[in-house]
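Undergrad: Protein chains in written order, with the UniProt record's numbering: chain A, 1 to 267; chain B, 1 to 222. Each residue gets a CB set at the ideal place from its N, CA and C atoms; glycine is no exception.
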Amino acid sequence: MLKLRRRPRDFADDMASLIDLANPTRFMRFSAALLPWLAGVSVLLLAVGLYLAWFVAPADYQQGETIRIMFVHVPAAWLALMFYTLMAVSALGTLVWRHPLADVAQKAAAPIGACFALICLLTGAFWGKPMWGTYWVWDARLTSVLVLFLIYLGIIALWRVLDEPSRAGRAVAILTLIGFVNVPIIKFSVDWWNTLHQPASVLRVGGPSIHPSMLWPLLILALGFTFLALALHLVAMRAEIMRRRVRTLTILEAERLDRLAAQAVPA
Amino acid sequence: MSRAFLAILQRDLVLATRAGGGGELALVFFLTLVVLVPFALGPDLNLLSRIGPAILWLGALLSVLIGLDRLFQSDEDDGSLDLIRSSALPLELAVLAKGLAHWLTTGLPLALAAPLLGLLVALPAEAMLPVSATLLVGTPALSFIGAAGAALTASLRRGGLIVPILVAPLTVPVLIFGVSAANAAIGGTIPFLTPFLILCALSLIALVVGTIAAAVALRQAE
Numbered sequence: 001m002l003k004l005r006r007r008p009r010d011f012a013d014d015m016a017s018l019i020d021l022a023n024p025t026r027f028m029r030f031s032a033a034l035l036p037w038l039a040g041v042s043v044l045l046l047a048v049g050l051y052l053a054w055f056v057a058p059a060d061y062q063q064g065e066t067i068r069i070m071f072v073h074v075p076a077a078w079l080a081l082m083f084y085t086l087m088a089v090s091a092l093g094t095l096v097w098r099h100p101l102a103d104v105a106q107k108a109a110a111p112i113g114a115c116f117a118l119i120c121l122l123t124g125a126f127w128g129k130p131m132w133g134t135y136w137v138w139d140a141r142l143t144s145v146l147v148l149f150l151i152y153l154g155i156i157a158l159w160r161v162l163d164e165p166s167r168a169g170r171a172v173a174i175l176t177l178i179g180f181v182n183v184p185i186i187k188f189s190v191d192w193w194n195t196l197h198q199p200a201s202v203l204r205v206g207g208p209s210i211h212p213s214m215l216w217p218l219l220i221l222a223l224g225f226t227f228l229a230l231a232l233h234l235v236a237m238r239a240e241i242m243r244r245r246v247r248t249l250t251i252l253e254a255e256r257l258d259r260l261a262a263q264a265v266p267a
Numbered sequence: 001m002s003r004a005f006l007a008i009l010q011r012d013l014v015l016a017t018r019a020g021g022g023g024e025l026a027l028v029f030f031l032t033l034v035v036l037v038p039f040a041l042g043p044d045l046n047l048l049s050r051i052g053p054a055i056l057w058l059g060a061l062l063s064v065l066i067g068l069d070r071l072f073q074s075d076e077d078d079g080s081l082d083l084i085r086s087s088a089l090p091l092e093l094a095v096l097a098k099g100l101a102h103w104l105t106t107g108l109p110l111a112l113a114a115p116l117l118g119l120l121v122a123l124p125a126e127a128m129l130p131v132s133a134t135l136l137v138g139t140p141a142l143s144f145i146g147a148a149g150a151a152l153t154a155s156l157r158r159g160g161l162i163v164p165i166l167v168a169p170l171t172v173p174v175l176i177f178g179v180s181a182a183n184a185a186i187g188g189t190i191p192f193l194t195p196f197l198i199l200c201a202l203s204l205i206a207l208v209v210g211t212i213a214a215a216v217a218l219r220q221a222e
């Protein structure tokens, strides 16, 4: 379990604990303790949120029951962007601070972010068909989310073609940072180009324009999905650390066998 | 320092123009793509002239992407990349020289050939020069964004499709403003200069960001 510090925490402490976590063994212990909590909170929030979204939130006066797609669509969109941002911060961690877990965090985040981008696109298509009359339009926001999804796929592809993890990590970090230009474009696309997708209605100047009866389920679900994504991220990071250990052990074993073979054959 | 820069530039230009260099291959590929389009769409000249700028831009984009994976890989294979890395010339300038050579041997010929290929897609005569101009100022962006992608995969033995996959999503803004400037030239509601200047800006940004990112990537891959 986590130990509580008695001393008031200061900045040096925070830095120290970040460095502590850089040790993969400590990270494994820390994440093992944290994981059930994250998963539990996410299950709880998702259960409450889904109940509210299905049974409590009213149907929209114009859109009817299809408004409920929003409760998955919007959190997925937020998380797709959040995970890209997380990857960009990890990329800085890899390139600037050389934090040993940064590229692990980045590698683990890519498929999760890609999934949320895909969920966002698919639910958007299902919502678009009854509301706009089409599954897909080349609207600025739809297009930029699709490009985000493609960048995710490119990042995953680059991870897969470079087999040496630390080198792959640095290459992907550079690509991630270059691709980050797309994130502000997605956020502001609905303001810059006045096309079909509606402008922001939750995070906007002057407060949310969405009714509280729908806002609360949305926020609870968004939080629930966030905890779910973070839990999945921790699991993926742990799996990646294990995978690297196996890789290192395999290489060491191969080297040992090589040495044995060299000793067995007299020169 | 400028001698080393010019030496790299000259070497890449010579390599690209000699047999097997691939400089003229991009041009032939461009021609092939533009020729294929009427077969796919049907020889309706009205339709072709309307989407002509888009065809030319798409052809140029694919022609630039297709040869990118060899930009640094061939240097990595024969060891000259190690020499460039260890020389006194800053790696950024070396990348700039290589990117410039790439543009001179692919982007520039494509832009110059565009009016000729414009005839095939029934581009109006007064649009030839503006479309060519958009390719002229837009293709450097493709070369330098591409250089960053190529640098990331320099050490790969089997690059192949990965570079176009990495680079293509990043070229979307260039394509958008390139085509909208070209379309503005054949008549439209927006003035030609607005998207054209944004295209110029994108090229300048790519020149700086692409060069630096490629240099960082090549250093990391050591």
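Who are the Cβ neighbours of A/Glu164 in its own chain at under 6 Å, not counting the five residues just before and after it?
TA: Same-chain partners within the cutoff: there are none.
Undergrad: In angstroms, rounded to a whole number, what distance separates the CA positions of B/Asp57 and A/Leu232?
TA: Reading off the sequence, residue 57 of chain B comes out as Trp, not Asp. Approximately 42 Å between the Cα atoms of the pair.
Undergrad: Of the choices A/Arg68, A/Cys115, A/Ala102, A/Leu148, whose alpha-carbon is the least far from that of A/Val181?
TA: With distances taken between Cα atoms, A/Val181 lies closest to A/Leu148.
Undergrad: Roughly how many whole angstroms lie between the Cα atoms of A/Met70 and A/Leu223?
TA: Each residue's Cα considered, the two are about 14 Å apart.
Undergrad: So, does the CB of B/Gly149 fall closer than 9 Å to a CB anywhere in chain A?
TA: Yes, B/Gly149 lies at the interface with chain A (some Cβ there is under 9 Å from its Cβ).
Undergrad: When you measure from the CB of B/Ala214 to every non-hydrogen atom of the ligand PLP, does any distance come out below 8 Å?
TA: With respect to the ligand PLP, the structure shown offers nothing to examine, as it has no ligands at all.
Undergrad: In angstroms with no decimal places, state the Cα-to-Cα distance between B/Leu135 and B/Leu108.
TA: Rounded to the nearest angstrom, the two C-alpha atoms are 8 Å apart.
Undergrad: Can you list, in chain order, the residues of its chain with a C-beta nearer than 6 Å to that of A/Val72? Leave out the 5 residues immediately preceding and following it.
TA: Closer than 6 Å at the Cβ level, and outside the excluded window around A/Val72, lie Thr123.
Undergrad: Between the segment 199-212 of chain B and the segment 54-74 of chain B, do three or more beta carbon pairs fall short of 8 Å?
TA: These segments do not touch.
Undergrad: State the CB to CB distance for the pair B/Leu110 and B/Phe30, rounded to an integer number of angstroms; the pair is presumed to be in contact (CB under 8 Å).
TA: Indeed they touch by this definition, with Cβ atoms about 6 Å apart.
Undergrad: If residue 223 of chain B and B/Val64 are in contact, beta carbons under 8 Å, what's the gap, nearest whole angstrom?
TA: In the structure displayed, chain B extends from 1 to 222; residue 223 of chain B sits before or after that span and is not available.
Undergrad: Could you tell me if A/Asn23 is buried or exposed, where buried requires 16 or more neighbouring beta carbons within 10 angstroms of its beta carbon?
TA: Under this definition A/Asn23 is an exposed residue.
Undergrad: Counting contacts by CB-CB distance shorter than 9 Å, is A/Arg6 in contact with chain B?
TA: Residue confidence for A/Arg6 is low, a pLDDT of 48 falling below 50, so the modelled location carries little weight and cannot support an answer.
Undergrad: Under 8 Å: do the segment 79-86 of chain A and the segment 107-119 of chain A share three or more Cβ pairs, one atom per stretch?
TA: These segments touch.
Undergrad: Between which residues of its own chain and B/Val172 is the CB-CB distance below 7 Å, once the five residues before and five after are set aside?
TA: Result list for B/Val172: empty, nothing under 7 Å.
Undergrad: Along chain A, which residues have their Cβ under 9 Å away from the Cβ of B/Val95?
TA: Simply none; closest approach about 13 Å.
Undergrad: Comparing C-alpha positions only, which one of A/Gly113, A/Trp97, A/Ile185 sits nearest to A/Asp139?
TA: The residue with the shortest Cα to Cα distance from A/Asp139 is A/Ile185.
Undergrad: The alpha helix (DSSP H) that contains A/Leu249, what's its start and end?
TA: Per DSSP, A/Leu249 belongs to the alpha helix (DSSP H) from 212-264.
Undergrad: Note down, in chain order, every chain B residue with its Cβ under 7 Å from the Cβ of A/Arg141.
TA: Per Cβ cutoff of 7 Å: no residues; A/Arg141 is ~14 Å from chain B at best.
Undergrad: Does B/Leu68 have its Cβ less than 9 Å from a Cβ in chain A?
TA: No, because no Cβ of chain A sits closer than 9 Å to the Cβ of B/Leu68.
Undergrad: Please classify B/Pro53: is it buried, with 16 or more other beta-carbons within 10 angstroms of its beta-carbon, or exposed?
TA: So B/Pro53 counts as buried.
Undergrad: Taking a cut of 7 Å between CB atoms, which residues from the segment 160-180 of chain B lie near chain A?
TA: Taking 7 Å as the Cβ-Cβ cut-off against chain A, the residues of the segment 160-180 of chain B that qualify are Ile162, Ile165, Leu166, Pro169, Leu170, Val172.
Undergrad: DSSP beta-bridge partners for A/Asp60?
TA: DSSP, once it has assigned bridges, lists A/Gly64 as partnering A/Asp60.
Undergrad: Check each candidate in A/Ile67, A/Trp97, A/Ala91 and name the one with the smallest Cα separation from A/Leu177.
TA: The shortest Cα separation from A/Leu177 among A/Ile67, A/Trp97, A/Ala91 belongs to A/Ala91.
Undergrad: Give the residues of chain B in contact with A/Gly93, contact being defined as C-beta atoms less than 9 Å apart.
TA: Those within 9 Å of A/Gly93 in chain B number zero; the least Cβ separation is about 14 Å.
Undergrad: Smallest Cα separation from A/Ala102: which of A/Asp258, A/Ala173, A/Ala59?
TA: Of the candidates A/Asp258, A/Ala173, A/Ala59, the one whose C-alpha sits nearest the C-alpha of A/Ala102 is A/Ala173.
Undergrad: Compile a chain-ordered list of the residues in the segment 108-136 of chain A whose CB is closer than 8 Å to at least one CB of chain B.
TA: Hits within the stretch: zero.
Undergrad: Quick one, which of B/Asn46, B/Val209, B/Asp77, B/Ser2 has its alpha-carbon nearest B/Gly146's?
TA: Ranking the options by Cα distance to B/Gly146, first place goes to B/Val209.
Undergrad: Would B/Thr189 count as contacting chain A if we go by Cβ distances under 9 Å?
TA: False, the Cβ-Cβ gap to chain A never drops below 9 Å.
Undergrad: Tell me which residues share the same chain as residue 274 of chain A and place their Cβ nearer than 6 Å to its Cβ, disregarding the 5 neighbours each side in the sequence.
TA: Since the first residue of chain A shown is 1 and the last is 267, residue 274 of chain A is not available in this structure.
Undergrad: For A/Gly154, return the contacting residues in chain B, with the cut-off set at a CB-CB distance below 7 Å.
TA: Under the 7 Å cutoff, chain B gives Ile165, Leu166, Pro169.
Undergrad: Suppose contacts are defined by Cβ-Cβ distances below 9 Å. Is B/Pro115 in contact with B/Val137 by that definition?
TA: No, the Cβ-Cβ distance between B/Pro115 and B/Val137 is not below 9 Å.
Undergrad: Helix or strand or just coil, what does DSSP make of A/His99?
TA: Residue state, collapsed to three classes: coil.
Undergrad: Figure out for me which residue from B/Ile212, B/Gly149, B/Phe196, B/Ser2 has the closest Cα to the Cα of B/Ala181.
TA: Looking at the Cα atoms, B/Phe196 is the closest of the given residues.
Undergrad: Give a yes or no on whether the minimum CB-CB distance between B/Ile55 and chain A is below 9 Å.
TA: Chain A contact via Cβ: absent.
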